[in-house]
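Visitor: Sharing a structure below in structure tokens format, with a few things to ask.
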Amino acid sequence: MQTYYSDLLVIGAGLAGERVAVESALAGFNVICLSIVPARRSHSSAAQGGMQAALGNCAMGEGDNVDVHFMDTVKGSDWGCDQEVARLFADAAPIEMRRLAHWGVPWNRVVPGTSTYFKGGEKFEKFEKPEKEGLITARSFGGTAKWRTCYTSDGTGHAVMCTMDNKCAELGINVLDRKEAISLIHDGEQCMGAIVRCLRTGKLETYLAKATAICTGGFGRLYKATTNAVICDGGGHVIAQDTGVVPIGNPEAIQFHPTGIVPTDILVTEGCRGDGGTLLDVNEERFMHIYEPEKAELASRDVVSRRMTEHMRAGKGVASAYGEHLWLDIRHLGDKHISTKLREVDEICQNFLGVDARTQLIPVRPTQHYTMAGVRTDKNGAAYGLKGLFSAGEAACWDMHGFNRLGGNSLAETVVAGGIIGVKIVEFLKGNETSFKTGDINSEAKRQQERIDNLISGRLGKENVYKVRAEMQEALMQGCFVFRNEQDLSTCVEVLQGLLERSARIGLVSKGLGANHEVAAALKIQGQVRLAMCIAQAALVRRESRGSHNREDFPARDDQNWLNRTLAYWPEGQTMPELKYEEATPHFEIPPGERGYGGGKIIHADPQEIEAKTITKSK
Amino acid sequence: MGRLLQFEIFRYNPEDKDSAPHMQTFVMEETTNMTLFIALNRLREEQDPGLIFDFCCRAGICGACAMVINGRPGLACQTKTKDLPEIITLLPLPVFKLIGDLSVDTGIWFREMYQKTESWIHTTKEFDSAKEEERMDNAVAEEIYELERCVECGCCIAACGTARLREDFMGAAALNRIARFVIDPRDQRTDNQYFDIIGNDYGIFGCMGLLACEDVCPKKLPLQNQLGFLRRKMGITAIKQFIRK
Numbered sequence: 022m023q024t025y026y027s028d029l030l031v032i033g034a035g036l037a038g039e040r041v042a043v044e045s046a047l048a049g050f051n052v053i054c055l056s057i058v059p060a061r062r063s064h065s066s067a068a069q070g071g072m073q074a075a076l077g078n079c080a081m082g083e084g085d086n087v088d089v090h091f092m093d094t095v096k097g098s099d100w101g102c103d104q105e106v107a108r109l110f111a112d113a114a115p116i117e118m119r120r121l122a123h124w125g126v127p128w129n130r131v132v133p134g135t136s137t138y139f140k141g142g143e144k145f146e147k148f149e150k151p152e153k154e155g156l157i158t159a160r161s162f163g164g165t166a167k168w169r170t171c172y173t174s175d176g177t178g179h180a181v182m183c184t185m186d187n188k189c190a191e192l193g194i195n196v197l198d199r200k201e202a203i204s205l206i207h208d209g210e211q212c213m214g215a216i217v218r219c220l221r222t223g224k225l226e227t228y229l230a231k232a233t234a235i236c237t238g239g240f241g242r243l244y245k246a247t248t249n250a251v252i253c254d255g256g257g258h259v260i261a262q263d264t265g266v267v268p269i270g271n272p273e274a275i276q277f278h279p280t281g282i283v284p285t286d287i288l289v290t291e292g293c294r295g296d297g298g299t300l301l302d303v304n305e306e307r308f309m310h311i312y313e314p315e316k317a318e319l320a321s322r323d324v325v326s327r328r329m330t331e332h333m334r335a336g337k338g339v340a341s342a343y344g345e346h347l348w349l350d351i352r353h354l355g356d357k358h359i360s361t362k363l364r365e366v367d368e369i370c371q372n373f374l375g376v377d378a379r380t381q382l383i384p385v386r387p388t389q390h391y392t393m394a395g396v397r398t399d400k401n402g403a404a405y406g407l408k409g410l411f412s413a414g415e416a417a418c419w420d421m422h423g424f425n426r427l428g429g430n431s432l433a434e435t436v437v438a439g440g441i442i443g444v445k446i447v448e449f450l451k452g453n454e455t456s457f458k459t460g461d462i463n464s465e466a467k468r469q470q471e472r473i474d475n476l477i478s479g480r481l482g483k484e485n486v487y488k489v490r491a492e493m494q495e496a497l498m499q500g501c502f503v504f505r506n507e508q509d510l511s512t513c514v515e516v517l518q519g520l521l522e523r524s525a526r527i528g529l530v531s532k533g534l535g536a537n538h539e540v541a542a543a544l545k546i547q548g549q550v551r552l553a554m555c556i557a558q559a560a561l562v563r564r565e566s567r568g569s570h571n572r573e574d575f576p577a578r579d580d581q582n583w584l585n586r587t588l589a590y591w592p593e594g595q596t597m598p599e600l601k602y603e604e605a606t607p608h609f610e611i612p613p614g615e616r617g618y619g620g621g622k623i624i625h626a627d628p629q630e631i632e633a634k635t636i637t638k639s640k
Numbered sequence: 008m009g010r011l012l013q014f015e016i017f018r019y020n021p022e023d024k025d026s027a028p029h030m031q032t033f034v035m036e037e038t039t040n041m042t043l044f045i046a047l048n049r050l051r052e053e054q055d056p057g058l059i060f061d062f063c064c065r066a067g068i069c070g071a072c073a074m075v076i077n078g079r080p081g082l083a084c085q086t087k088t089k090d091l092p093e094i095i096t097l098l099p100l101p102v103f104k105l106i107g108d109l110s111v112d113t114g115i116w117f118r119e120m121y122q123k124t125e126s127w128i129h130t131t132k133e134f135d136s137a138k139e140e141e142r143m144d145n146a147v148a149e150e151i152y153e154l155e156r157c158v159e160c161g162c163c164i165a166a167c168g169t170a171r172l173r174e175d176f177m178g179a180a181a182l183n184r185i186a187r188f189v190i191d192p193r194d195q196r197t198d199n200q201y202f203d204i205i206g207n208d209y210g211i212f213g214c215m216g217l218l219a220c221e222d223v224c225p226k227k228l229p230l231q232n233q234l235g236f237l238r239r240k241m242g243i244t245a246i247k248q249f250i251r252k
């Protein structure tokens with residue numbers, strides 16, 4: 022078997038992965054990035070809207086600063102985030118945006134003078150100051166006090182991805198595509214690299230490294246209706262959890278985006294609402310302002326998704342062959358705005374719906390979008406449980422998002438966290454040496470080859486991987502979507518238990534040779550069902566509603582009992598995850614309070630306990 | 008009941024010694040709003056799990072799924088079956104190395120292109136984290152983004168007469184990449200430096216001006232204008248170099 026060595030092995034070459042890689046390469050270390058697709062096709066490139074950073078250059082961002090950004094992030098998380106991490110993030114974000122500008126991102130810039138904008142369908146005027154001309158500008162996004170989202174038209178992710186991948190090319194980083202890590206090599210204490218399946222030939226390869234970073238994005242594809250690319254299937258989480266010692270943080274924290282189009286579930290950006298688009302019901306009337314008088318369409322995503330679902334349940338949805346939906350209206354924004362600032366949206370509507378957004382309404386409904394859940398790490402990005410293993414970006418639960426993340430904070434996290442964790446990895450590489458144990462390496466390689474051989478020979482059974490996968494996706498849609506309750510979650514866990522057994526008996530229909538997709542799907546299905554089980558079980562146990570986790574039978578946010586983070590372990594040979602809990606945050610800069618949107622009751626924690634953990638930020 | 012669609016699909020798996028290149032017919036009933044993304048995945052899940060093709064974002068954003076659809080390169084994910092006749096012929100993109108069936112290796116081709124074009128900002132300036140960002144005119148930023156929209160799908164290369172004849176021709180995607188840096192004020196490269204990269208038969212002077220690149224570009228990049236712009240710029244650079252000698 023081919024064996025490769027590097028100082029740092031990055032699994033996933035999206036924005037977080039490449040940003041991490043760049044730091045190590047700049048420090049002179051040898052880096053290999055693996056990606057299942059060419060790097061620029063990573064799902065980072067699909068993020069349209071932008072990156073939040075408190076630069077405060079534009080008129081509507083005046084008075085913004087990192088403290089306001091920090092506060093929005095904590096509120097958005099429904100106090101579920103790690104405040105130390107959220108602070109690191111908010112403080113570093115503006116510098117990272119400037120760095121990206123230096124590296125080549127064509128950020129949209131401040132254009133001086135008077136211009137108009139829409140809010141809630143109404144037209145307003147703003148004046149951009151001449152002295153700010155040419156600085157990085159920002160747009161409005163849900164759940165934020167200021168206009169803070171830096172953007173490049175509506176292809177921000179794509180533009181930043183191009184710049185980051187260019188930087189990797191400049192630094193000579195070895196970015197290898199069509200390589201899928203299928204297991205980590207470890208001895209229970211330290212990580213030594215990964216066993217990788219080449220997606221060109223189907224052959225296995227070994228990658229050894231002093232440090233390994235999982236930056237594989239989210240796992241939206243566990244759900245049937247998701248905005249995510251087909252590659253966002255939890256592959257990185259599966260190999261981390263499969264070690265038995267690395268936990269998934271807050272698996273129940275899954276975000277649903279208010280505006281996935283019907284039927285294909287493709288996302289249209291929050292920028293539509295940020296720029297003044299409105300949501301309409303079956304009578305083509307606005308409704309968000311009835312539920313959320315202050316923020317209306319611009320409340321945080323969990324709140325808008327919930328209100329939309331409530332409104333459809335109240336009989337105000339639009340019936341269609343693909344189920345009920347609501348309308349997104351951007352007609353009033355006009356041709357110029359739609360064809361420049363919302364061009365991707367325009368293309369998506371024309372190409373996938375045959376709808377002209379200038380004159381027609383866009384059918385939308387809440388769709389799985391983001392996993393706040395992820396490989397649990399400390400503030401340095403080091404994974405719990407294995408030395409030498411790191412994680413960054415959506416794949417990680419670093420945890421600045423808690424139970425809901427704000428639009429524009431995830432794309433920003435990829436590069437900001439990537440930069441911060443990248444520096445920490447450099448420190449690790451400088452301060453640590455690793456010994457590679459050939460016994461562990463060879464036995465892992467052998468174990469993985471056996472798995473493939475068993476799938477091809479059908480020795481373990483004849484279950485069809487696509488059927489098992491479809492049933493898993495449907496189970497999560499039924500039990501773990503926008504609203505959750507005891508009965509549906511219990512059913513979901515039961516169904517998944519059955520699927521877990523079946524997932525151990527997969528046999529291929531095809532010959533499994535070369536760049537075969539059935540093998541790839543079959544290799545990860547068992548881990549995916551486990552991950553699904555973690556979502557369902559953690560959601561069942563968490564008897565409160567917080568952020569995107571909404572229990573109909575426990576509608577209050579319960580700070581007394583649940584101001585904590587779930588850690589889902591899967592010890593070897595178990596049939597259920599082991600759930601542990603840790604405090605949500607080491608300290609409070611902002612003690613738990615009202616979000617100011619979303620309503621809902623709060624069961625308050627003991628004020629003395631909160632006060633004892635509250636700090637004042639020293640400036 | 009929908010139309011019965013007949014898919015004629017190129018099959019060859021180089022890793023299977025029993026496999027020989029051939030066309031295979033699949034039949035499937037059309038459903039409402041069906042795209043080739045939906046159709047091919049259903050074929051794989053229901054009829055032949057050995058079928059090899061690529062999709063990623065399935066939203067026309069990432070460029071993974073380019074193939075030749077009834078004779079024309081395009082993105083499969085944003086091709087609606089209702090816009091096609093009942094017989095749909097799917098072939099892998101030419102020029103690129105075949106991985107299997109409809110999947111080709113665009114990844115390696117484009118990474119080589121980054122090195123040839125030195126696809127990054129060349130500057131002697133250091134980043135200073137304490138300083139305000141360097142200012143840029145918004146119109147310039149928008150012009151750069153216009154060219155940065157390339158998704159590296161490979162359609163323009165597959166449709167290019169020169170690239171089909173000569174595998175060392177850089178193609179529209181690479182020339183557009185150069186154009187992107189030429190208009191970027193942050194890149195300090197001179198015309199002479201760009202000339203060294205594209206002022207030859209592999210580059211801008213190899214273009215025969217057939218312009219199928221622009222016709223097939225799924226992002227509708229203004230490739231014709233960019234090729235013209237570079238040809239003039241490099242032509243002038245060549246004359247200047249000649250006069251100086």
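So the protein sequences, as listed, match chains V and C.
Every number in the numbering used here is 21 more than the matching position in the first sequence, counting from 1.
Every number in the numbering used here is 7 more than the matching position in the second sequence, counting from 1.
Idealized CB from N, CA, C, for every residue including glycine.
As the structure is a computational prediction, the values presented were derived from the model and not from experiment.
Measuring alpha carbon to alpha carbon, tell me which residue in V:Arg130, V:Ser478, V:Ala46 is nearest Ala80 (chain V).
Guide: The shortest C-alpha separation from Ala80 (chain V) is found at V:Arg130.
Visitor: Lys640 (chain V) CB to nearest chain C CB: under 8 Å?
Guide: With a pLDDT of only 45 at Lys640 (chain V), under the threshold of 50, the placement of this residue in the model should not be trusted, and no figure is reported.
Visitor: Could you name the residues of the segment 483-502 of chain V whose beta carbon sits closer than 7 Å to any beta carbon of chain C, in the order they occur along the chain?
Guide: Result list: Tyr487.
Visitor: Using a Cβ-Cβ cut-off of 8 Å, state whether Thr222 (chain V) counts as contacting chain C.
Guide: By this cut-off, Thr222 (chain V) is an interface position.
Visitor: Tell me, please, whether the segment 182-199 of chain V touches the segment 43-55 of chain V by the rule of three or more beta-carbon pairs shorter than 8 Å.
Guide: Taking 8 Å as the limit for Cβ pairs, the verdict is that the segment 43-55 of chain V does touch the segment 182-199 of chain V.
Visitor: Identify which residue in V:Ile446, V:Glu315, V:Ala557 has its Cα closest to the Cα of Cys50 (chain V).
Guide: Going by the sequence as given, residue 50 (chain V) is Phe instead of Cys. The candidate whose alpha carbon is nearest that of Phe50 (chain V) is V:Ile446.
Visitor: According to DSSP, what are the bridge partners of Ala417 (chain V)?
Guide: DSSP, once it has assigned bridges, lists V:Val396 as partnering Ala417 (chain V).
Visitor: So the beta strand (DSSP E) Asp28 (chain V) belongs to, where does it begin and stop?
Guide: Start and end: 23-32.
Visitor: Answer with buried or exposed for Pro576 (chain V), where buried requires no fewer than 16 other C-beta atoms within 10 angstroms of its C-beta.
Guide: It is exposed - the Cβ of Pro576 (chain V) has fewer than 16 other Cβ atoms within 10 Å.
Visitor: Based on DSSP bridge pairs, tell me the residues matched to Gly81 (chain C).
Guide: For Gly81 (chain C), which the question treats as bridged, DSSP gives the partners C:Met74.
Visitor: Using beta-carbon positions only, say whether Leu300 (chain V) and Glu318 (chain V) come within less than 8 Å of one another.
Guide: In contact: Leu300 (chain V) and Glu318 (chain V) (Cβ atoms closer than 8 Å).
Visitor: Note down, in chain order, all residues in the segment 106-128 of chain V with a beta-carbon under 8 Å from any beta-carbon belonging to chain C.
Guide: Answer in chain order: Ile116, Met118, Arg119, Arg120, Ala122, His123, Trp124, Gly125, Pro127, Trp128.
Visitor: So what does DSSP say about Gln262 (chain V), is it helix, strand or coil?
Guide: The answer is helix: DSSP assigns Gln262 (chain V) an H, G or I state.
Visitor: List the residues of chain V that Phe62 (chain C) touches, going by C-beta distances under 8 Å, in chain order.
Guide: Val251, listed in chain order.
Visitor: Name the DSSP beta bridge partners of Arg18 (chain C), please?
Guide: DSSP, once it has assigned bridges, lists C:His29 as partnering Arg18 (chain C).
Visitor: Going along the chain, which residues of the segment 185-196 of chain V sit with their C-beta nearer than 8 Å to a C-beta in chain C?
Guide: Taking 8 Å as the Cβ-Cβ cut-off against chain C, the residues of the segment 185-196 of chain V that qualify are Asp186, Asn187, Lys188, Ala190, Glu191, Val196.
Visitor: Does the beta-carbon of Leu561 (chain V) have 16 or more other beta-carbons within 10 angstroms, so that it is buried, or is it exposed?
Guide: By the 10 Å Cβ count, Leu561 (chain V) comes out buried.
Visitor: Please report the straight-line C-alpha distance between Gly336 (chain V) and His278 (chain V), rounded to a whole angstrom.
Guide: Each residue's alpha carbon lies about 21 Å from the other.
Visitor: Using CA coordinates, which residue listed in V:Ser161, V:Thr170, V:Asp367, V:Ile216 is at the minimum distance from Gln381 (chain V)?
Guide: The option with the nearest alpha carbon to Gln381 (chain V) is V:Asp367.
Visitor: Could you tell me which of V:Gly239, V:Lys96, V:Val514 sits nearest to Gly568 (chain V), measuring between CA atoms?
Guide: Nearest option by C-alpha distance: V:Lys96.
Visitor: Taking the alpha helix (DSSP H) that Asn187 (chain V) belongs to, which residues open and close that run?
Guide: Taken as a continuous stretch (DSSP letters only), the alpha helix (DSSP H) holding Asn187 (chain V) covers 177-192.
Visitor: Quick check on Ile359 (chain V) - is its C-beta less than 8 Å from some C-beta in chain C?
Guide: So no, Ile359 (chain V) is outside the interface.
Visitor: Just reading off the alpha helix (DSSP H) that Ser204 (chain V) is part of, what are its end residues?
Guide: Premise fails: Ser204 (chain V) lies in the beta strand (DSSP E), 200-207, not in any alpha helix (DSSP H).
Visitor: Quick one: what does DSSP say His570 (chain V) is sitting in, helix, strand or coil?
Guide: In this structure, His570 (chain V) counts as strand in the three-state DSSP scheme.
Visitor: Apart from the five residues just before and just after Lys640 (chain V), which ones in its own chain have a Cβ nearer than 7 Å to its Cβ?
Guide: Below a pLDDT of 50, predicted positions are generally treated as unreliable, and Lys640 (chain V), at 45, falls in that range; the measurement from the model is reported next regardless. Excluding sequence neighbours, Lys640 (chain V) sits near nothing in its chain.
Visitor: Tell me where the alpha helix (DSSP H) around Thr455 (chain V) begins and ends.
Guide: Note, Thr455 (chain V): premise wrong, no alpha helix (DSSP H); not H, not E.
Visitor: Under 7 Å Cβ-Cβ, which residues of chain C neighbour Val132 (chain V)?
Guide: Those within 7 Å of Val132 (chain V) in chain C are Asn145.
Visitor: Give the interface partners of Pro21 (chain C) over in chain V, defined as CB-CB distance under 7 Å, in chain order.
Guide: The answer, in chain order, is Gly535.
Visitor: Which two residues bound the contiguous alpha helix (DSSP H) that contains Trp116 (chain C)?
Guide: Run containing Trp116 (chain C): 113-124, per the alpha helix (DSSP H) assignment.
Visitor: Give every residue of the same chain whose Cβ lies closer than 6 Å to the Cβ of Leu218 (chain C), excluding the five residues on either side of it in the sequence, and list them in chain order.
Guide: Closer than 6 Å at the Cβ level, and outside the excluded window around Leu218 (chain C), lie Gln231.
Visitor: Is the CB-CB distance between Thr392 (chain V) and Thr248 (chain V) below 8 Å?
Guide: In this structure, Thr248 (chain V) does not lie closer than 8 Å to Thr392 (chain V) by Cβ.
Visitor: Beta-carbon of Tyr201 (chain C) versus every beta-carbon of chain V: anything under 8 Å?
Guide: Cβ-Cβ to chain V under 8 Å: no for Tyr201 (chain C).
Visitor: Between which two residues does the beta strand (DSSP E) carrying Lys140 (chain V) extend?
Guide: Where Lys140 (chain V) is concerned, the enclosing beta strand (DSSP E) stretches over 134-140.
Visitor: Is the shortest distance between the beta-carbon of Lys717 (chain V) and the beta-carbons of chain C less than 8 Å?
Guide: This structure leaves residue 717 (chain V) out entirely; chain V is present only between 22 and 640.
Visitor: Do Gly35 (chain V) and Gly238 (chain V) come within 8 Å of each other at the CB atom, strictly closer than that value?
Guide: It is a contact, given that the beta carbons lie within the stated cut-off.
Visitor: Give me the Cβ distance between Ala394 (chain V) and Ile275 (chain V), rounded to the nearest whole Å; I'm assuming they're in contact under 8 Å.
Guide: Going by Cβ atoms, the distance from Ala394 (chain V) to Ile275 (chain V) rounds to 6 Å, so yes, they are a contact pair.
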